[in-house]
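Have a look at the structure below, then the notes.
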Amino acid sequence: MNRFCNIVIASVVALAAALTLSCSNETDTTLNTQQRNIANYLKGSHQPRLVPEEEIGSSLDNEPKFYTSWGLDIYRYISTYYAEGRDSWTQIEPGDRVAITYSAYVFKSGKPSLSDLFATNDEQNIESLKDLGLDTTYEWTTEPFEFTMGSGDLLESLEIALEGCREGDNVEVYLTFEAGYGNKYVGMVPQKSAQMWIIDIKSVTKK
């Protein structure tokens, strides 16, 4: 009897280990695919072509367009980086009060469409949603979203990407699911979804 119980217990443990390994492999595959899709999109969808920040030194351009990454889960491109006078724009630091207009999309591999949009306060996008028949009266606002850096009002990964940006910047932020909502199904965002955020920084008020 004891031998039978031991065999059953061993079988259950082995099955649990196999299921855990399977889930882990699936997560790794999803994550790797998202990382690859984001990097490929950044490099292939912008003109001039974007390069990783660490490759700026080898670029032949005087003002090479580049994206920054934190690990392999958070990516940022500032389209206004070389704008005239940008150095005088107020820079975002911890504790600052920031107001933004944003559009957030589920990111798959190519350019997102309105059907991928899950949150926005951008007036043009809201009007486009209305044209498609969506009632935005109670769920959507065109008021800038205000938050304090470090308060927890915003995803930590977005705060990481926005720190160092400046008032007036237009920013693209890409997140793998691990930097987004993880395994959770949040609103219209399926679990394990990568995200793309288009953000206009309207104002930065120093602490």
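All residue numbers for the sequence shown refer to the working numbering, where the first residue is 1319 and numbers rise by one.
Idealized CB from N, CA, C, for every residue including glycine.
May I ask you to list the residues that DSSP assigns as paired with residue i?
| i | result |
| --- | --- |
| Ala1417 | Glu1464 and Ser1521 |
| Pro1370 | Tyr1385 |
| Gln1365 | Looking at the DSSP assignment, Gln1365 forms no beta bridge with any residue, so it has no partner. |
| Ala1357 | Paired residue(s): none; Ala1357 is not in a bridge. |
| Trp1458 | Partner(s): none; Trp1458 has no beta bridge. |
| Tyr1423 | Leu1435 and Met1514 |
Count the other CB atoms within 10 Å of the CB of residue i; is the residue buried (16 or more) or exposed (fewer)?
| i | result |
| --- | --- |
| Thr1526 | No statement about residue 1526 is possible, as the shown extent of the chain runs from 1319 to 1525 and does not include it. |
| Gly1470 | exposed |
| Ser1340 | Since pLDDT at Ser1340 reaches only 48, below the 50 mark, its modelled position is unreliable, and the value read off the structure follows with that caveat. Ser1340 is exposed by the Cβ-count criterion. |
| Thr1455 | exposed |
| Glu1372 | exposed |
| Val1489 | buried |
| Tyr1503 | exposed |
| Asp1487 | buried |
| Lys1361 | exposed |
Name the two residues that bound the continuous beta strand (DSSP E) containing residue i.
| i | result |
| --- | --- |
| Leu1279 | Outside the modelled stretch of the chain, which goes from 1319 to 1525, sits residue 1279, for which no answer is possible. |
| Thr1493 | Checking the sequence shown, residue 1493 turns out to be Leu, not Thr. It spans Asn1488 to Leu1493 - the beta strand (DSSP E) in which Leu1493 sits, taken as one unbroken run. |
| Ile1392 | Ile1392 to Ile1396 |
| Leu1435 | Leu1435 to Thr1438 |
Note down, in chain order, each residue of its chain lying with its Cβ closer than 6 Å to the Cβ of residue i, except the 5 sequence neighbours on either side.
| i | result |
| --- | --- |
| Thr1348 | Lys1510 |
| Ile1356 | Tyr1393 and Tyr1492 |
| Ser1387 | Tyr1393 |
| Tyr1400 | Glu1381 |
| Pro1412 | Met1467 and Gly1468 |
| Met1514 | Tyr1423, Phe1425, Pro1430 and Tyr1492 |
| Asp1405 | none |
Thinking residue i and residue j are a contact (beta carbons under 8 Å), I'd like their distance in whole angstroms, please.
| i | j | result |
| --- | --- | --- |
| Asn1439 | Phe1463 | 6 Å |
| Ser1363 | Val1369 | The pair is not a contact, with the Cβ atoms about 13 Å apart (cut-off 8 Å). |
| Thr1408 | Val1522 | 4 Å |
| Val1424 | Val1507 | 6 Å |
| Asp1518 | Ile1374 | Contact doesn't hold; Cβ gap of about 25 Å is too wide. |
| Gly1505 | Phe1436 | 6 Å |
| Lys1524 | Asp1414 | 6 Å |
Along the chain, where does the alpha helix (DSSP H) that runs through residue i open and close?
| i | result |
| --- | --- |
| Ile1410 | Ile1410 -> no alpha helix (DSSP H), and no H or E assigned at all. |
| Gln1509 | Run containing Gln1509: none; DSSP gives neither H nor E here. |
| Lys1448 | Glu1441 to Asp1449 |
Go through its chain and collect everything with a Cβ distance to residue i's Cβ below 7 Å, but skip five positions before and after it.
| i | result |
| --- | --- |
| Gln1442 | none |
| Ile1516 | Tyr1420, Ser1421 and Glu1490 |
| Cys1483 | Ile1396, Ile1410, Val1489 and Ile1519 |
Within the same chain, show all residues whose beta-carbon is closer than 8 Å to that of residue i, passing over the 5 residues directly before and after it, in chain order.
| i | result |
| --- | --- |
| Lys1426 | Asn1355, Asp1434 and Ala1512 |
| Gly1379 | A quick correction: the sequence has Asp, not Gly, at residue 1379. Excluding positions up to five away in sequence, the list reads Pro1366. |
| Leu1432 | Asn1443, Ser1446, Leu1447 and Leu1450 |
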